[in-house]
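S.K.:
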Amino acid sequence: MNPTFSYPKWKEIPNIDLYLDQVLLYVNQVCEPISPESDKGLTASMVNNYVKHGYLTKPEKKKYQRKQIARLIAITTLKSVFSIQEIAQTLNTLHTDTNSEELYNAFVDYMNEDIDPANPIIQASCQTVKLYHQTLALVYTETEEEETNEY
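Number 146 in the UniProt record's numbering belongs to position 146 of the sequence shown; there are no gaps in the numbering.
Here is the structure:
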């Protein structure tokens with residue numbers, strides 16, 4: 001993961017309702033540094049499927065609010081390691097205890113600064129994502145070194 005990269009806190013996410021193309025642009029810019037090169041990022045069909053399956057609430061008048069954008073950032077981050085069903089189950093389990101802003105900020109604090117969240121589910125899922133990307137980075141570095149040594 002890029003050391004200068006950081007997720008936006010809840011209050012930094014746009015507080016104006018955004019159309020789907022704006023949401024895609026924003027979420028993909030936020031999550032781009034953590035996405036593997038082969039990942040095409042968040043797409044309109046993914047968002048439509050998330051809404052269809054109830055993983056994301058329906059937009060109002062085709063516009064998405066801060067809560068939905070925060071959820072999409074979390075989903076996009078976690079989907080490199082977990083299935084969408086596992087992510088939805090996790091988010092729904094967490095949501096019964098705490099509000100969206102608290103959950104999202106705990107996620108951001110751990111991802112950005114390794115600040116331990118009170119919730120073990122957030123901690124474990126974020127650790128898994130970080131370890132996955134750390135492993136990829138090590139493999140990528142090792143592969144690059146081998147290619148350089150071949151010449």
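By construction, the Cβ of each residue, glycine as well, lies at the ideal position given by its N, Cα and C atoms.
Are there three or more Cβ pairs, one per stretch, closer than 8 Å when the segment 97-109 is compared with the segment 45-57?
M.R.: no
S.K.: Kindly indicate the opening and closing residues of the alpha helix (DSSP H) around L72.
M.R.: Residue numbering aside, residue 72 sits at position 72 when the sequence shown is read from its first letter. From DSSP, the alpha helix (DSSP H) with L72 extends over 66-78.
S.K.: Looking only at its own chain, which residues have a Cβ that is under 6 Å from the Cβ of D109, when we skip the five neighbours before and after it?
M.R.: Along the sequence shown, read from residue 1 onward, the residue named residue 109 stands at position 109. Hits under 6 Å: I115.
S.K.: Looking only at C-alpha atoms, which of Y132, T141, H95 sits nearest to M111?
M.R.: Residue 111 sits at position 111 when you count from the first residue of the sequence shown. The shortest Cα separation from M111 among Y132, T141, H95 belongs to Y132.
S.K.: Using only CA atoms, which one of Q65, K9, W10, V129 lies nearest to L24?
M.R.: Along the sequence shown, one-based indexing puts residue 24 at 24. Considering only alpha carbons, the answer is Q65.
S.K.: Hey, would you say D17 sits closer than 9 Å to A44, going by beta carbons?
M.R.: Residue 17 sits at position 17 when you count from the first residue of the sequence shown. Residue 44 sits at position 44 when you count from the first residue of the sequence shown. No.
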